[in-house]
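Report on one structure; see the data block that follows.
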Amino acid sequence: MARGGKMSNRVSIYSEIGSLEKVIIHSPGFEVEEMTPRTAAQVLYNDILPLPVIAQDHRELKEILKLVTKVYEVKDLLEDVLQNSAVKTEFVNTVTRLFPALKRRRDEFTGMSAGELAAGVIVGIREKKDSLARFLSENIFALPPLPNLYFMRDSAIVVGDKVITGSMANKVRIMEAIIATFIYRYHPQFKSEGFIFDGTEEGKEGLVTVEGGDLLVLKDNVLAIGISERTTAQSIDLIINNICRDINSPFTIFAVVLPRERATIHLDMVFTMIDRDHCVIHEPYILGNGRLPVVKITLDSNGKKKFEYVENLLAGLKTVGLDLKPVSCGGDNPLYQEREQWLSGTNFFAFAPGKFIGYDCNTKTLEALEKEGYTVKHAREFLSGQARIEEYKKLAIGIDGAELARGGGGVRCMTMPAKRKPVSW
C-alpha cells in the first residue's frame, strides 16, 4: 500500500487532490424512479427526485469530467467482468448468499447475459408471483433497485494501490459494495493490489460498518476517517490493524467523531481538501464551539499504535505537514453556513491541485472561495467552449445541483476516483 516501489498502473490514490487519471461514476437511471413517497425512506431518501432533472445535472458533471480525465460507468465495468462465466457464477453465488430468498432463482440469474445481469442488479429484479405467499406479498422486487448508486463514493475507496470496500450501514446498499468488489478484484483495468478491508466479507456484524464518504486520503501516509452513523470505531480498528501489516514507514490516521445527524452522515459533508494548502470546512464543527473530537492515531513501521486527542482536525493535520487554510462553507454568516452545508456545500471534488467541482447553488461558499483567489465559473462555460480549464491555476467549477443535493450528497459523493498522479508537495 505504501508508496515506494513500482506504482500501480491500474489503481493509485495517494491524495485527495492529485491530477485525476481515472474516475468511476454512475449516471442515474430508472432505479431512481422506482421510489415513491411511501418507499423513499426505506432507501435512505428524504424525498423522491425527478429523474429528468437529476439526469441532466449529472450529465453536466460527467461531461466536465470527460474534459479532464477518463470516465468510466460502473454498469459498463460490471458488465465487462461478468463476461467471464466463472466470475459471473461467483457473482451470482455472492448475491444469493447475501439475499437467501434469491437462491431459488440462481439458475435463472446465471443464464442471463452479462448485460442483462448488470442492468438487473442496478434497476432491480422483480419478484415472481409464482406462489400464494409471493402473490399476496407487497414486495415488488426480489432484488431491490439501487437508487443510491449514483453516490459512487460510499461503496469503495482506493487507498494507495489497494482498496477498502464498504461494509454498508444499511442493507439496501450492500449490492453497491458487491459490485465495487468485483470490479476491483477482476476488471483488467481496475484490478487492485489487494484489499485492506473487504466489507462484503468482513462486515457481518452490525458494529463493523464503513462507507467511503468517511475516508479521505490526504497524503500517502495520512488518512482522515469519520466515525459516523455509517462508519464505526470497530471498523476503523480493523482497517488500522490491516494497515499495520502492510506499512514500512510511519502512518497517521485522524478519527473524527461526527454527530449522528442527517447533515453529517459522512466526514466529507464537513471537510474536503481542495488544494495543497486549502480545505473547505463546516466551521462550527471543525473550528467553532461545537468542534468535533479528533483522535490522532500514529502507527510506526513495527505496527505499534499511539492514540491521542488533538485540539481539532486542522491542528492535527498541521503536525503531519498539512498546513491547511480553511474556507468556510457558507462564508462567515452562521445562517448560510447551516443552509449551504445542508446542500453539500463542503462536498467538493478536486480533479487537480486547486481545481475542483461543486454545486453552484451554494453561492456564499463560492464567494468565500473567490476571496481566496479561486476563479468561479459554471460548467456551461467550459462545455460550450467559452473557457478552457487549463487556462486557470485556481478554479472552482459549479454545476447545477439543487436537485442532486436533495439526494443527500455532493460531487465528491458522486465520484469514485481510481487513479491520480502523485502530488508535488
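The numbers in our numbering rise by one with no breaks, and the one at position 290 of the sequence shown is 274. Built from N, CA and C at the ideal position, the CB exists for glycine as well.
Report the option in the options whose CA atom is closest to the CA atom of residue i.
i	options	result
Lys405	Gly144, Ala85 and Lys50	Gly144
Lys50	Val16, Lys6 and Lys155	Lys6
Gly13	Gly382, Asn331, Asn132 and Ser219	Asn132
Asn232	Ile38, Asn225, Phe179 and Asn286	Asn286
Arg415	Leu367, Trp326, Phe333 and Thr359	With the chain running from -15 to 409 in the structure shown, residue 415 is simply not present.
Gln218	Glu267, Ser151 and Glu387	Ser151
Thr330	Gly196, Asn68, Glu245 and Phe255	Phe255
Arg214	Glu245, Val37, Ala208 and Leu202	Glu245
Asp91	Ala103, Ile106 and Phe75	Phe75
Phe179	His171, Gln173 and Thr165	Thr165
Leu35	Gly385, Ile223 and Cys397	Gly385
Lys288	His250, Tyr320, Thr399 and Cys228	Cys228
Asn68	Asn(-7), Ala85, Tyr170 and Ala117	Tyr170
Ala239	Leu202, Ala247 and Leu297	Leu297
Thr149	Ser176, Val156 and Leu130	Ser176
Lys339	Glu324, Ala363 and Arg323	Ala363
Ser212	Thr193, Asp259, Glu356 and Asn225	Thr193
Lys361	Gly369, Ile258, Leu379 and Ala336	Leu379
Gly210	Asp221, Leu202 and Asp198	Asp198
Ser139	His42, Thr399 and Lys403	Thr399
Please report how far the alpha carbon of residue i lies from the alpha carbon of residue j, in whole angstroms.
i	j	result
Gly(-11)	Asp284	Here the model assigns Gly(-11) a pLDDT of 45, short of 50, so the residue's position is not dependable, and the following value carries that caveat. Straight-line Cα distance between these residues: approximately 19 Å.
Glu292	Thr236	11 Å
Val147	Tyr376	32 Å
Asn317	Pro234	40 Å
Val16	Phe135	12 Å
Cys345	Ile383	8 Å
Tyr269	His262	17 Å
Ile341	Val279	29 Å
Gly272	Lys309	15 Å
Glu267	Ala153	27 Å
Ile(-3)	Val142	6 Å
Tyr29	Ile124	19 Å
Thr303	Gly183	31 Å
Glu467	Thr94	Because residue 467 is not part of the residues shown, which for the chain are -15 to 409, the question remains open.
Leu86	Ala117	15 Å
Leu4	Val55	10 Å
Leu127	Glu57	21 Å
Ile216	Ile249	A quick correction: the sequence has Thr, not Ile, at residue 216. Straight-line Cα distance between these residues: approximately 12 Å.
Gly392	Leu33	11 Å
Ala98	Leu66	5 Å
His42	Asn77	33 Å
Glu418	Arg323	The first residue shown for the chain is -15 and the last is 409, placing residue 418 beyond what the model contains.
Note the first and the last residue of the continuous alpha helix (DSSP H) segment covering residue i.
i	result
His42	Leu35 to Val52
Ala421	There is simply no residue 421 to check, as the chain begins at -15 and stops at 409 in what is shown.
Lys355	Thr347 to Lys355
Leu367	Ala363 to Leu367
Ala412	Summary: the structure shown does not reach residue 412, with the chain confined to residues -15 through 409, and so no result is reported for it.
My understanding is that residue i touches residue j, with C-beta atoms under 8 Å, so please give their C-beta distance in whole angstroms.
i	j	result
Gly315	Thr282	Gly315 to Thr282, Cβ: 35 Å. No contact.
Leu120	Val206	Not a contact, Cβ separation roughly 55 Å.
Ile381	Ile48	6 Å
Ile1	Ala334	4 Å
Asp252	Leu191	Actually they do not touch by this definition, with Cβ atoms about 22 Å apart.
Val407	Leu45	Their Cβ separation, rounded to whole angstroms, is 23 Å, which puts Val407 and Leu45 out of contact at 8 Å.
Phe174	Ile223	Contact doesn't hold; Cβ gap of about 21 Å is too wide.
Gly104	Glu18	Going by Cβ atoms, the distance from Gly104 to Glu18 rounds to 13 Å, so no, they are not a contact pair.
Ile258	Cys313	That belief does not hold up - the Cβ atoms of Ile258 and Cys313 are roughly 12 Å apart, past 8 Å.
From which residue to which residue does the beta strand (DSSP E) around residue i run?
i	result
Ala85	Segment: none, Ala85 is in no beta strand (DSSP E) and carries neither H nor E.
Lys59	Lys59 -> not in any beta strand (DSSP E); alpha helix (DSSP H) instead, spanning Val58 to Leu66.
Lys400	The sequence shown places Met at residue 400, rather than the Lys named in the question. Residues Met400 to Arg404.
Phe166	Not the beta strand (DSSP E): Phe166 falls in the alpha helix (DSSP H), residues Ile158 to Tyr170.
Asp198	No beta strand (DSSP E) contains Asp198, which DSSP labels as neither H nor E.
Val7	Leu4 to Ile9
Phe335	Phe333 to Ala336
Phe14	Premise fails: Phe14 lies in the alpha helix (DSSP H), Phe14 to Glu17, not in any beta strand (DSSP E).
Tyr343	Lys339 to Tyr343
Asp182	Phe179 to Asp182
Return the chain-ordered ranges of every alpha helix (DSSP H) run that is complete within the segment 247 to 321 and spans a minimum of 4 residues.
-> 267 to 270 and 297 to 302
List in chain order: all unbroken beta strand (DSSP E) runs of 3+ residues lying wholly within the segment 87 to 149.
-> Taking 3 residues as the shortest admissible run, the segment 87 to 149 contains the following complete beta strand (DSSP E) segments, listed from N- to C-terminal end: 125 to 127, 140 to 143 and 146 to 149.
Entirely enclosed alpha helix (DSSP H) segments - the segment 206 to 236, minimum 4 residues = 217 to 228
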